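Numbering of the sequence shown is given in our numbering, commencing with residue 1 and proceeding in unit increments.
Note that beta-carbon positions come from the ideal geometry of N, C-alpha and C, so glycine has one too.
Just so it is clear, the structure is predicted and the values come from calculations on it, not from any experiment.
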Amino acid sequence: MIRGIGTDLLDKKRIENLFLLYGEKFINKILSEREKEELQQKKNQDRQISYLSNNFACKEAFLKALGLGFSEGFSFKDIEVLRNRKGAPSLQLSKKACKKVETLGFKRFHITISDTEDYSLAFIVGEGK
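See the structure below:
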């Protein structure tokens, strides 16, 4: 049964401005260590901005699917957005986030990310009891 859906549309310029203003401080706030490893594989700044924007949008969409916000006990690092060898995204949650998700009745999430030169879009469907 579908428990929640979430979507987020993000202007990449917003993320680019934060990245240029805060650099590593911004990256350290929103990405886990494994996400930072994926980011380092991106060889130019445009691809890095796309990666940051896509992950940011996905984390926002995830919380919208839950009906929560970052002020309710989640941090950006509690939600990892990783890609498999073919580039398909998946969510990996911290233990704290897993417990919260389980108490809300969610069991599984389906995620898709799309982007253009200017925008990132993430859509998540949460299933559960």
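When you compare the CB positions of residue i and residue j, do they come within less than 7 angstroms of one another, or not?
i, j, result
"Ile79", "Lys96", "no"
"Gly128", "Arg3", "yes"
"Ser120", "Asn54", "yes"
"Ile131", "Leu93", "Since the first residue shown for the chain is 1 and the last is 129, residue 131 is missing from the structure and cannot be characterised."
"Ile15", "Phe76", "no"
When burial is assigned at 16 or more other CB atoms within 10 Å of the CB, is residue i buried or exposed?
i, result
"Glu135", "Residue 135 falls outside the range modelled here, since the chain spans only 1 to 129, and no answer is possible."
"Leu9", "exposed"
"Tyr22", "exposed"
"Asn84", "exposed"
"Gln126", "Reading off the sequence, residue 126 comes out as Gly, not Gln. It counts as buried."
"Lys13", "exposed"
"Glu37", "exposed"
"Glu102", "exposed"
For residue i and residue j, which I take to be in contact (beta-carbon distance under 8 angstroms), what is that distance rounded to the nearest angstrom?
i, j, result
"Gly105", "Ala65", "With 8 angstroms as the limit, Gly105 and Ala65 do not qualify as a contact, their Cβ atoms being about 12 angstroms apart."
"Gly69", "Lys100", "Not quite, the Cβ-Cβ distance comes to about 12 angstroms (not below 8 angstroms), so this is no contact."
"Ile124", "Ala57", "Rounded, the Cβ-Cβ distance is 10 angstroms, inconsistent with contact."
At the level of alpha carbons, what is the spacing between residue i and residue j?
i, j, result
"Glu24", "Val81", "18 angstroms"
"Ser114", "Cys98", "25 angstroms"
"Gln48", "Gln40", "8 angstroms"
"Glu117", "Arg108", "30 angstroms"
"Asn17", "Ala122", "20 angstroms"
"Glu35", "Leu63", "18 angstroms"
"Met1", "Asp11", "32 angstroms"
As a quick exercise: from the options, pick the residue whose alpha carbon is nearest that of residue i.
i, options, result
"Ile27", "Ile124, Tyr51, Asp11", "Tyr51"
"Asp46", "Ile111, Met1, Leu20, Ile30", "Leu20"
Between residue i and chain B, is any beta-carbon pair separated by less than 7 angstroms?
i, result
"Lys42", "In the structure shown, chain B cannot be found, because there is only a single protein chain."
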